[in-house]
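In this note's numbering, the protein residues as written are 1137 to 1462.
Written out below as structure tokens is the structure these notes cover.
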Amino acid sequence: MQLGQSVEPRPRAARRNLVWLVTQVVTGLPAGALGLICLGSLLFTSVITVSWWAFPTAPWLPVISVRITDWGTALSLGLVNLVVLAGLAAIGLPPLARAHARCCLAVLAPSPAEHLVERVTELTQTRTDVLQAHSAELRRIERDLHDGTQARLVAIAMRLAVAGESLSDDPAGAAVLVRQAHAETEHAMTELRSVIRTIYPPVLADLGLTGALSTLAARTGVPTRIDIGTLGEVPAAVEAIAFFAVTEALANIARHSRATRASVRVTRNGALLCAEIADNGTGGADAAQGSGLGGIHRRVAALDGTMKISSPPGGPTVMTLELPCA
1137 MQLGQSVEPR
1147 PRAARRNLVW
1157 LVTQVVTGLP
1167 AGALGLICLG
1177 SLLFTSVITV
1187 SWWAFPTAPW
1197 LPVISVRITD
1207 WGTALSLGLV
1217 NLVVLAGLAA
1227 IGLPPLARAH
1237 ARCCLAVLAP
1247 SPAEHLVERV
1257 TELTQTRTDV
1267 LQAHSAELRR
1277 IERDLHDGTQ
1287 ARLVAIAMRL
1297 AVAGESLSDD
1307 PAGAAVLVRQ
1317 AHAETEHAMT
1327 ELRSVIRTIY
1337 PPVLADLGLT
1347 GALSTLAART
1357 GVPTRIDIGT
1367 LGEVPAAVEA
1377 IAFFAVTEAL
1387 ANIARHSRAT
1397 RASVRVTRNG
1407 ALLCAEIADN
1417 GTGGADAAQG
1427 SGLGGIHRRV
1437 AALDGTMKIS
1447 SPPGGPTVMT
1457 LELPCA
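Structure, rendered in structure tokens:
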């Protein structure tokens, strides 16, 4: 059994099924019978209206009934009966169906304890995903620092050491080594900034979420319209998740969607930060197939948020994110 799948105890499930069966017998059968009687009366009225001449001694219409001797009486009374029966069906059957549905939902709805178990299971799954993502991110940062920045710093240290030893004997050569070390220092700083940017983008700290998304839209490969409402005070963690999610979504649009335009709309709805990313591409986006959507979902779920995707074949694709930021 995978983590996140809850299995209901068999005795509890059997008891719930038995109660539902009794509810169906008590409420479902009478409701179904009334519905069939109403629809049957409509059919019976229609048949008798057009064939009254073949059954001169048959019982007449369900609501208003007199002996029929001509077509005028048959059609007029048939129409009256049809209108009355259709009105009764339209007025009475929907409330009856809703009452039956409420009874079934009341019987089949999970108990508060089951809701709590489901919630704990969901939080356990998201916690596991967050820990795994955090471990992978730490390994990536360590690899980037070890293979990139650290290697450049070692090269700088070696060049400076050689320059220091040869300074008195070969000043020109030492100057060349110092210039090379300076160039390596610039490269190391660039790599270090790129690593820092993946941890918490400096543009968020400098410009906030509104400015960061506007800057991001200007750099994306697809013309993107940004619409940002009044967000108020948003926690830094929520800003970072929203920024990374929009960044990944726009990158997916540029790589996979064949879209000619995209839009990002961010609003604040009470305690929720809502982001909608849309494009006019070919559609067919599916989180189960990768393309970065799984990573977005894990980031959003880490804050107990939700992600919804509507992407029919042929497009358009609309991704909706909701992040709690109370």
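Yeah, the Cβ is synthetic: ideal placement off N, Cα and C, and Gly gets one too.
Rounded C-alpha distance that separates residue i from residue j
| i | j | result |
| --- | --- | --- |
| Met-1294 | Gly-1300 | 10 Å |
| Val-1400 | Ala-1437 | 20 Å |
| Glu-1384 | Val-1162 | 53 Å |
| Arg-1275 | Gly-1430 | 19 Å |
| Cys-1239 | Pro-1460 | 33 Å |
| Glu-1320 | Val-1314 | 10 Å |
| Leu-1343 | Ile-1389 | 24 Å |
| Thr-1366 | Thr-1360 | 20 Å |
| Ala-1169 | Ala-1235 | 15 Å |
| Val-1158 | Pro-1230 | 22 Å |
| Ala-1387 | Gly-1171 | 54 Å |
| Thr-1442 | Phe-1380 | 15 Å |
| Glu-1278 | Ala-1237 | 56 Å |
| Val-1402 | Ala-1376 | 14 Å |
| Ser-1447 | Glu-1250 | 33 Å |
| Leu-1154 | Ala-1242 | 14 Å |
| Glu-1258 | Leu-1252 | 10 Å |
| Ser-1304 | Glu-1322 | 26 Å |
Nearest to residue i (by Cα), restricted to the options the options
| i | options | result |
| --- | --- | --- |
| Thr-1456 | Val-1382, Ala-1235, His-1282 and Leu-1303 | Val-1382 |
| Cys-1174 | Arg-1401, Trp-1207, Val-1186 and Leu-1232 | Leu-1232 |
| Ala-1398 | Leu-1215, Gly-1406 and Ile-1362 | Ile-1362 |
| Thr-1526 | Leu-1296, Arg-1288, Ala-1348 and Ser-1350 | For residue 1526 there is no data in the structure shown, the boundaries of the chain being 1137 and 1462. |
| Arg-1391 | Ile-1277, Gly-1428 and Val-1314 | Gly-1428 |
| Thr-1260 | Pro-1449, Asp-1440 and Lys-1444 | Asp-1440 |
| Gly-1451 | Ala-1421, Glu-1458, Ile-1432 and Leu-1343 | Ala-1421 |
| Leu-1178 | Arg-1394, Glu-1375, Leu-1213 and Ile-1364 | Leu-1213 |
| Val-1374 | Leu-1345, Arg-1279, Thr-1360 and Leu-1352 | Leu-1345 |
| Ile-1364 | Leu-1165, Ala-1311, Ala-1249 and Thr-1351 | Thr-1351 |
| Gln-1160 | Ala-1341, Ser-1182, Val-1339 and Leu-1244 | Leu-1244 |
| Arg-1404 | Pro-1371, Ala-1324, Ile-1432 and His-1318 | Pro-1371 |
| Ser-1393 | Ala-1411, Gly-1357 and Ala-1378 | Gly-1357 |
| Arg-1263 | Ser-1447, Ile-1445, Ser-1446 and Arg-1435 | Arg-1435 |
| Val-1312 | Val-1155, Ala-1249, Cys-1410 and Ile-1292 | Ile-1292 |
| Gly-1284 | Ala-1324, Ser-1182, Ser-1187 and Ile-1184 | Ala-1324 |
| Ala-1225 | Pro-1307, Leu-1303 and Ala-1167 | Ala-1167 |
| Leu-1211 | Gly-1228, Thr-1185, Gln-1286 and Ala-1150 | Thr-1185 |
| Arg-1152 | Ala-1353, Thr-1396 and Pro-1246 | Pro-1246 |
| Leu-1215 | Gly-1228, Ile-1227 and Val-1183 | Val-1183 |
Under the three-state DSSP convention, the category residue i falls into
| i | result |
| --- | --- |
| Ala-1245 | coil |
| Ser-1399 | strand |
| Leu-1303 | coil |
| Met-1137 | Only weak support exists for where Met-1137 lies, its pLDDT of 38 falling under 50; the value from the coordinates is given anyway. Here Met-1137 sits in coil by DSSP. |
Rounded distance between the beta-carbons of residue j and residue i, thought under 8 Å
| i | j | result |
| --- | --- | --- |
| Gly-1419 | Pro-1449 | 5 Å |
| Leu-1349 | Ala-1317 | Not a contact, Cβ separation roughly 39 Å. |
| Leu-1408 | Glu-1458 | 5 Å |
| Ala-1411 | Thr-1453 | With 8 Å as the limit, Ala-1411 and Thr-1453 do not qualify as a contact, their Cβ atoms being about 14 Å apart. |
The ligand HEM heavy atom lying under 7 Å from the CB of residue i
| i | result |
| --- | --- |
| Ala-1311 | Only the bare structure without any ligand can be found here, which leaves the ligand HEM out of the picture. |
Alpha helix (DSSP H) runs wholly inside the stretch 1333–1375, at least 4 long, in chain order: 1338–1355
message: My parser needs the alpha helix (DSSP H) runs of 4 or more residues fully inside the stretch 1401–1454; what are they?
response: 1429–1438
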